[in-house]
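J.: These protein sequence lines map, in sequence, to chains C and H.
Going by this note's numbering, the letters in the first sequence line up with residues 1 to 327, in that order.
Going by this note's numbering, the letters in the second sequence line up with residues 328 to 654, in that order.
Below is a structure I'd like to ask you about.
Protein chains: 2
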Amino acid sequence: MVTIQEVAKRAGVSVATVSRVINNRSKVKEKTRNRVEQAIDELNYEPSVLGRNLRNSESRLLLVLIPSISNPFYTEIINGIEDTSIKEGYNILLCETDSNPKREAIYFNLVRNRMADGIILMDPTINRKNVLELATNHPIVQCSEFDKEGNISYVSIDNELAAYQAVKHLIKIGKKRIAFINSDEKFLYARERRAGYEKAFREFNIAVEKKRIYNINQLNFESGQQAMRTLLNQEEKPDAVFAVSDVLAIGALKEIHANGLKVPDDIAIIGFDKISFSNMTHPTLTTVSQPMYRMGCISASMLINKIKGEEVESMLLEHELVIREST
Amino acid sequence: MVTIQEVAKRAGVSVATVSRVINNRSKVKEKTRNRVEQAIDELNYEPSVLGRNLRNSESRLLLVLIPSISNPFYTEIINGIEDTSIKEGYNILLCETDSNPKREAIYFNLVRNRMADGIILMDPTINRKNVLELATNHPIVQCSEFDKEGNISYVSIDNELAAYQAVKHLIKIGKKRIAFINSDEKFLYARERRAGYEKAFREFNIAVEKKRIYNINQLNFESGQQAMRTLLNQEEKPDAVFAVSDVLAIGALKEIHANGLKVPDDIAIIGFDKISFSNMTHPTLTTVSQPMYRMGCISASMLINKIKGEEVESMLLEHELVIREST
DNA sequence: CCTCTATATGTAATCGATTACAATAAAATA
DNA sequence: TATTTTATTGTAATCGATTACATATAGAGG
């Protein structure tokens with residue numbers, strides 16, 4: 001590996017001057033600068049991030065923690081994070097945690113060790129103590145999922161309102177027996193959306209029936225199918241389904257078709273997230289769109305501001321009910 | 328941040344002794360070891376990866392470069408990489424390059440700088456010189472995409488054979504006017520699959536018509552729809568489509584339905600990759616399954632072996648034609 | 001031509017770990 | 001007890017950068 005010493009030697013200057021040329025903090029004579037730049041070119045020199053970080057405690061790397069990359073919901077958010085970070089001179093590293101506290105701890109340590117400057121957390125809060133402790137000493141922002149009590153900054157949407165509007169829409173088109181396919185309620189969004197679901201019921205004086213609520217623990221197509229299968233086996237079949245994710249809704253749709261039922265006439269469906277696939281199904285899926293790209297952008301710039309020592313404020317962004325063929 | 332000096336001071340020993348306790352390389356007296364461990368506990372000390380790496384040139388971090396995380400093809404591979412790496416004591420960091428040489432260069436530099444120990448490349452080879460140069464000094468393996476001429480180890484499948492078998496299957500069920508929706512031919516797999524497509528045609532004495540081949544440059548549903556729209560506007564409509572990716576095939580399927588045509592009777596479709604979604608469409612999609620998880624596992628252990636200085640050999644894994652309703 | 005600034009460059013300490021080598025203490029042997 | 005051997009521990013150099021401070025050089029003003 002080429003070091004700064006070798007460059008200095010070749011250019012006939014001291015290491016300090018080379019460093020000054022690289023970081024152009026203080027003035028260097030035009031002629032010297034040229035000599036140094038030539039030496040850098042000739043030797044193909046790249047400053048060692050390690051050496052630099054050790055001195056500066058700065059890596060210009062951001063960690064993005066997601067439970068699972070296979071959920072398309074995250075991809076747009078990540079695009080937003082990436083675009084913003086790069087513009088600000090930061091690079092991002094994606095870390096998949098599988099919601100596993102051990103994995104999470106490894107990545108937290110990268111920040112403690114100054115290998116990364118900050119974290120964007122999209123995990124549900126499992127080990128609150130750990131997160132809060134890290135947050136006292138290091139820049140963290142939460143995106144999508146967050147901790148209502150803690151004082152870690154976050155970007156998210158009003159999940160309760162979104163769910164309330166979705167269910168209200170189903171009621172308005174004449175549906176009464178509205179099933180709810182929800183995630184594990186360790187996720188804040190799952191608890192909030194359930195609250196919205198129940199709120200809509202209360203408003204129209206419909207009783208909430210426990211048997212119509214189905215919690216899954218993996219966000220994939222098969223879970224959606226499985227959930228729908230169970231719901232269809234009940235004596236009084238639902239006439240609508242609100243799924244907490246498009247992926248689940250699409251699985252449910254498949255199962256409804258497999259039973260020879262029609263969407264939306266027999267059963268209407270609403271999903272959540274507006275993943276690109278939700279427009280490819282037949283019929284196309286009514287869904288709640290979150291401003292995922294913007295959420296990504298905002299969380300990245302919040303984090304970078306925090307790293308710079310500025311105060312940042314949490315935000316709730318606007319969502320939108322996208323009505324398509326499935327309702 | 329707690330440093331090794333503070334631990335040493337509290338335990339009343341030298342930093343060398345603390346380091347020895349942490350890495351237990353040489354013997355430390357039981358009593359001293361206990362004192363040091365107690366101090367580590369009390370201060371909540373975590374060794375700085377930076378300091379350690381600077382000395383050892385080892386980070387136990389692997390970089391995984393992918394063109395785009397939104398392509399579900401990569402998710403299973405990544406799961407394989409992740410599981411294997413963790414078992415071997417390495418952590419992985421995902422880097423999205425958008426096939427952009429500048430982004431790639433940034434991540435290559437992390438390896439040159441010893442911030443990461445090696446790279447698994449899933450990008451197409453754009454800047455060959457750069458990759459080959461990096462490979463001379465640093466551990467790299469290629470996964471899925473690779474460079475036939477270079478001597479970088481790789482794991483992949485026989486794309487030509489797979490495409491040949493897929494097209495042969497279409498011919499055997501009586502299709503004659505088989506369209507081909509292909510990626511940009513900067514990708515090796517695109518060139519190889521085209522070769523397979525043409526080979527099948529030659530074998531059955533069918534002329535390859537240029538107008539039936541459509542190259543897209545973005546792997547998303549819309550590209551598939553767009554491609555199919557163009558193909559359906561031709562005077563002699565195709566009676567089958569071979570798409571180089573399930574995502575494209577699903578877009579094409581949507582467009583075929585929009586035109587009131589039936590699958591597979593009017594037009595049969597074959598995709599590639601067997602993404603989980605390919606089983607959710609109506610009709611379900613015939614596709615070529617690649618052993619993605621295994622590819623991930625193997626590429627990770629190849630890389631780790633390379634880091635350890637061992638010789639590794641490239642591999643081509645088995646694929647499988649999965650016949651479902653769309654053909 | 002000399003003095004005084006302003007500018008440009010060099011020297012050496014520093015970041016937090018590891019480790020070769022030196023030094024000390026403890027144990028074994030004569 | 002004196003001497004040798006062995007087991008522990010300490011000292012200080014090192015990795016590759018940055019930067020406060022010291023020094024040298026150039027330019028301005030008289």
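Ideal Cβ positions, reconstructed from N, Cα and C, are used throughout, including at glycine.
#1: Which of the three DSSP states is assigned to Thr613(H) in this structure?
#2: Does DSSP put Met315(C) in a helix, a strand or coil?
#3: Excluding the 5 residues flanking Glu37(C) on each side, which residues of the same chain have their C-beta closer than 8 angstroms to its C-beta?
#4: For the beta strand (DSSP E) that Val458(H) lies in, which residues bound it at each end?
#5: Can you have a look at Arg382(H) and say buried or exposed, based on whether 16 or more other CB atoms are within 10 angstroms of its CB?
#6: Could you check if Ser14(C) is buried or exposed, using at least 16 other CB atoms within 10 Å of its CB as the buried criterion?
#7: Which residues mark the beginning and the end of the alpha helix (DSSP H) in which Glu104(C) is found?
#8: DSSP on Ala268(C), reduced to helix/strand/coil?
#9: Would you kindly work out how many angstroms separate the C-alpha atoms of Asn380(H) and Arg35(C), rounded to a whole number?
#10: Going by DSSP, which residues form a beta bridge with Asn418(H)?
#11: Please confirm if the stretch 635 to 647 of chain H is in contact with the stretch 608 to 621 of chain H, defined as three or more CB-CB distances below 8 angstroms between the two stretches.
#12: Could you work out which residues of chain H lie near His257(C), taking near to mean beta carbons separated by less than 8 angstroms?
#13: So is Asp450(H) buried or exposed if we call it buried at 16+ other beta carbons inside 10 Å?
#14: Can you have a look at Leu461(H) and say buried or exposed, based on whether 16 or more other CB atoms are within 10 angstroms of its CB?
#15: Mind checking the stretch 340 to 363 of chain H against chain C and listing, in chain order, the residues whose C-beta falls within less than 9 angstroms of any C-beta there?
#16: Among Arg518(H), Ala534(H), Ile594(H) and Gly523(H), whose alpha-carbon lies nearest the alpha-carbon of Met555(H)?
#17: Of all Cβ atoms in chain H, is any one closer than 9 angstroms to the Cβ of Arg128(C)?
#18: Does DSSP classify Tyr154(C) as helix, strand or coil?
#19: Is there a Cβ of chain C sitting closer than 9 angstroms to that of Phe604(H), yes or no?
#20: For my contact list, Ile213(C) and Asn182(C) are in at a C-beta cut-off of 8 angstroms; report their separation, rounded to the angstrom.
#21: Determine, using beta carbons only, whether Gly623(H) and Asp410(H) come nearer to each other than 9 angstroms.
#22: At a Cβ threshold of 9 angstroms, is Gly578(H) touching chain C?
#23: Could you tell me the alpha carbon to alpha carbon distance between Leu338(C) and His465(H), rounded to whole angstroms?
#24: What's the C-alpha gap between Arg430(H) and Thr424(H)?
#25: Please classify Gln545(H) as buried or exposed, where buried requires at least 16 other C-beta atoms within 10 Å of its C-beta.
#26: Please compile the residues from chain C whose C-beta is within a distance smaller than 8 angstroms of the C-beta of Leu421(H).
#27: Mark Ala490(H) as exposed unless 16 or more other C-beta atoms lie within 10 angstroms of its C-beta, in which case mark it buried.
#28: Tell me whether the beta-carbon of Gly89(C) lies closer than 9 angstroms to the beta-carbon of Arg114(C).
#29: In angstroms, rounded to a whole number, what distance separates the CA positions of Tyr524(H) and Thr75(C)?
#30: Just checking: is the beta-carbon of Leu558(H) within a distance shorter than 9 angstroms of some beta-carbon in chain C?
#31: Please confirm if Leu54(C) has its CB atom under 9 angstroms from at least one CB of chain H.
#32: What are the boundary residues of the beta strand (DSSP E) that includes Gln469(H)?
#33: Determine the chain C residues that contact Ser471(H) at a beta-carbon separation under 7 angstroms, and present them in chain order.
#34: Please state whether the Cβ-Cβ distance between Ser70(C) and Pro428(H) is less than 9 angstroms.
#35: At a Cβ cut of 9 angstroms, what residues of the stretch 399 to 412 of chain H count as close to chain C, listed as they run along the chain?
#36: Check whether chain H comes within 9 angstroms of Glu47(C), counting only Cβ atoms and requiring the distance to be less than that.
T.: Well, looking at it:
#1: strand
#2: strand
#3: Val21
#4: Premise fails: Val458(H) lies in the alpha helix (DSSP H), Arg455 to Asn464, not in any beta strand (DSSP E).
#5: exposed
#6: exposed
#7: Pro101 to Arg112
#8: strand
#9: 31 angstroms
#10: Leu388(H)
#11: yes
#12: His609
#13: buried
#14: buried
#15: none
#16: Ile594(H)
#17: no
#18: strand
#19: yes
#20: 6 angstroms
#21: yes
#22: yes
#23: Outside the displayed range of chain C (1 to 327) lies residue 338(C), so it cannot be described from this structure.
#24: 5 angstroms
#25: exposed
#26: Ile69, Leu93, Leu94, Cys95 and Glu96
#27: buried
#28: no
#29: 32 angstroms
#30: no
#31: yes
#32: Ile467 to Cys470
#33: In chain order: nothing, as chain C lies at least about 16 angstroms away.
#34: no
#35: Pro399, Tyr401, Thr402, Glu403, Ile405, Asn406 and Glu409
#36: Glu is not the amino acid found at residue 47(C); the sequence shown has Pro there. It does; some Cβ of chain H falls within 9 angstroms.
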